[in-house]
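Since the structure comes first, as structure tokens, the remarks are kept for the end.
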Amino acid sequence: MTTLRERGWLDLCDEMMLNARRTCTPLSATFELTPLCNFKCKMCYVRLDPDEVAPRGCLHTAEEWVGLAREAVELGLMRVCLTGGEVLTRPDFKEIYLSLVSMGLLVSVLSNGALIDDEIVSLFAEHPPVLLRFTLYGASNETYERLCGAPDGYDQVMRSLHALRNAGVPFSLSFTSTAKNIDDLVKVREIAAELNAPLAVSTDLLSSARTSHCEASSLRVEEKSRFDFTPTDDQVVQARRARQVLSEHEDLFQGIFRHCKAYRTSFSVQWNGDMETCLVMSYCHCRPFEDGFAAEWKRMHEILGRLEFPHECMACEMRDDCPVCPATRASETGRPDGFPLHSCRMNYTGQTD
Ligand code: SF4
Ligand code: SF4
Numbered sequence: 000m001t002t003l004r005e006r007g008w009l010d011l012c013d014e015m016m017l018n019a020r021r022t023c024t025p026l027s028a029t030f031e032l033t034p035l036c037n038f039k040c041k042m043c044y045v046r047l048d049p050d051e052v053a054p055r056g057c058l059h060t061a062e063e064w065v066g067l068a069r070e071a072v073e074l075g076l077m078r079v080c081l082t083g084g085e086v087l088t089r090p091d092f093k094e095i096y097l098s099l100v101s102m103g104l105l106v107s108v109l110s111n112g113a114l115i116d117d118e119i120v121s122l123f124a125e126h127p128p129v130l131l132r133f134t135l136y137g138a139s140n141e142t143y144e145r146l147c148g149a150p151d152g153y154d155q156v157m158r159s160l161h162a163l164r165n166a167g168v169p170f171s172l173s174f175t176s177t178a179k180n181i182d183d184l185v186k187v188r189e190i191a192a193e194l195n196a197p198l199a200v201s202t203d204l205l206s207s208a209r210t211s212h213c214e215a216s217s218l219r220v221e222e223k224s225r226f227d228f229t230p231t232d233d234q235v236v237q238a239r240r241a242r243q244v245l246s247e248h249e250d251l252f253q254g255i256f257r258h259c260k261a262y263r264t265s266f267s268v269q270w271n272g273d274m275e276t277c278l279v280m281s282y283c284h285c286r287p288f289e290d291g292f293a294a295e296w297k298r299m300h301e302i303l304g305r306l307e308f309p310h311e312c313m314a315c316e317m318r319d320d321c322p323v324c325p326a327t328r329a330s331e332t333g334r335p336d337g338f339p340l341h342s343c344r345m346n347y348t349g350q351t352d
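Following this line, the structure appears as structure tokens:
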């Protein structure tokens, strides 16, 4: 029998994911701590103005988030990703972060990077997240103003990134491609290289029923020729491993959740307390803060287990290879089992009509 050292970290991760999927164990969580943000990005699927929060729910306290994590740890939780909105708009961010780290959880943080001050630099230098990722929305203040409504956003973010770099805190970057910033992509790649930070480029702009500010559908860059899609070495390795795992464990990857890695292994809790498989889904509306995590985790899978392909997909020969997951279907059609005409055409013809 090969030892763990011989098999390596990635094999161990795959094995944990497979076991979690088999046993329906909540290995990973995403906590959306707030819908509030210091930016106003036009494609954002979550941001609300402060006066829009109360009619939709209430922010949960640090104690509630930490209590939820504690309940999930009892069932196997190992990793938590903290996101927003902008997590650093929460005055109690440090308290939540340190509590989760001290529970032994592997904590990731996603942020727009503009609110990093000396205290946060010291926090991350002393207790580095397993993943610290900032979205770079452009390569100039003009782009930040056009897309994020933040006239000096670029300067703020670059100051933060240099402060973290000087303190030796590792981080990675992501770039969300839209019609308003795609021309900055080359420069953004150069900035990432100068900072020695891995860069992930995303093209998914999901529509959202969660906020009326989202203009995703009018901001998509539809022409594939405008992207320089050179995958990173890590992305190539990950895609290859995902294909291999899927082919070796067909029994665990069936039906409408075949290509969804979160199914039976992960959960996301929105700022208002709704629990779903991921933040793009809005279907189960399970309520772990009120009804307890264990009961709601079970109920969520009873609901998801009833989902089936729509009849258009049942008749499709590409079905087993189709990467369109229920969350993408939900974002496009309003239902996780809807027929996503736009995604279907984009995936298989590169055309939108
Ligand atoms: S996309 Fe991110 S940075 Fe932009 S408004 Fe939304 S939460 Fe804030
Ligand atoms: S979304 Fe399109 S390609 Fe995917 S299974 Fe349905 S019909 Fe087939």
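If you read the sequence shown in numbering that gives the first Met the number 0, its first letter stands for residue 0, the second for the next number, and so on. For each residue, glycine too, the CB sits at the ideal point set by N, CA and C.
In this structure the stretch 85–98 does not lie against the stretch 136–145, because fewer than three pairs of beta carbons, one per stretch, are closer than 8 Å.
Pairing C43 with H212 gives a Cβ-Cβ distance under 8 Å.
Burial check for G112: the Cβ neighbour count within 10 Å reaches 16 or more, so the residue is buried.
In the DSSP assignment, R78 is bridged to S27 and L105.
Unbroken alpha helix (DSSP H) stretches of 4 residues or longer found wholly inside the stretch 266–343: 287–290, 292–303, 310–313 and 325–332, given in chain order. Excluding sequence positions up to five before and after R145, its CB lies within less than 6 Å of the CB of K179, all in the same chain and listed in chain order.
Boundaries of the beta strand (DSSP E) around T134: L130 to T134. Collapsing the DSSP output to three states places A199 in a strand. Per the coordinates, the alpha-carbon of F174 lies some 25 Å from the alpha-carbon of D117. Around the beta carbon of E31, a 10 Å sphere encloses 16 or more other beta carbons of the protein chains shown; the residue is thus reported as buried. Where F174 is concerned, there is no enclosing alpha helix (DSSP H), although the beta strand (DSSP E) around it starts and stops at S171 to T175.
With distances taken between CA atoms, M16 lies nearest to V244 out of A149, A53 and V244.
DSSP links S110 through a beta bridge to F133. Membership of F123 in the alpha helix (DSSP H) is indicated by the continuous run D117 to E125. The count of Cβ pairs closer than 8 Å, one atom from the stretch 115–134 and one from the stretch 58–76, stays below three, leaving the stretches out of contact. The straight-line gap separating the alpha-carbon atoms of G83 and T177 is approximately 20 Å. Apart from sequence neighbours up to five positions away, the residues of its chain that approach P322 with a beta-carbon distance below 7 Å are H258 and N346, ordered along the chain. In this structure, the beta-carbon distance from A191 to F38 does not fall below 8 Å. Counting along the chain, I190 sits inside the alpha helix (DSSP H) bounded by residues L184 to E193. Annotated three-state conformation of V45 is coil, per DSSP. Contact annotation: A199 and F170 have beta-carbon atoms that are not nearer than 8 Å.
Between ligand 1 and the CB of K39, the shortest heavy atom gap is smaller than 7 Å. When the Cα atoms are used, L163 and G254 turn out to be separated by approximately 44 Å. Annotation: E247 to A241 spans about 10 Å, alpha carbon to alpha carbon. Between F133 and L172 the beta-carbon gap is near 6 Å, inside 8 Å, which marks them as a contact.
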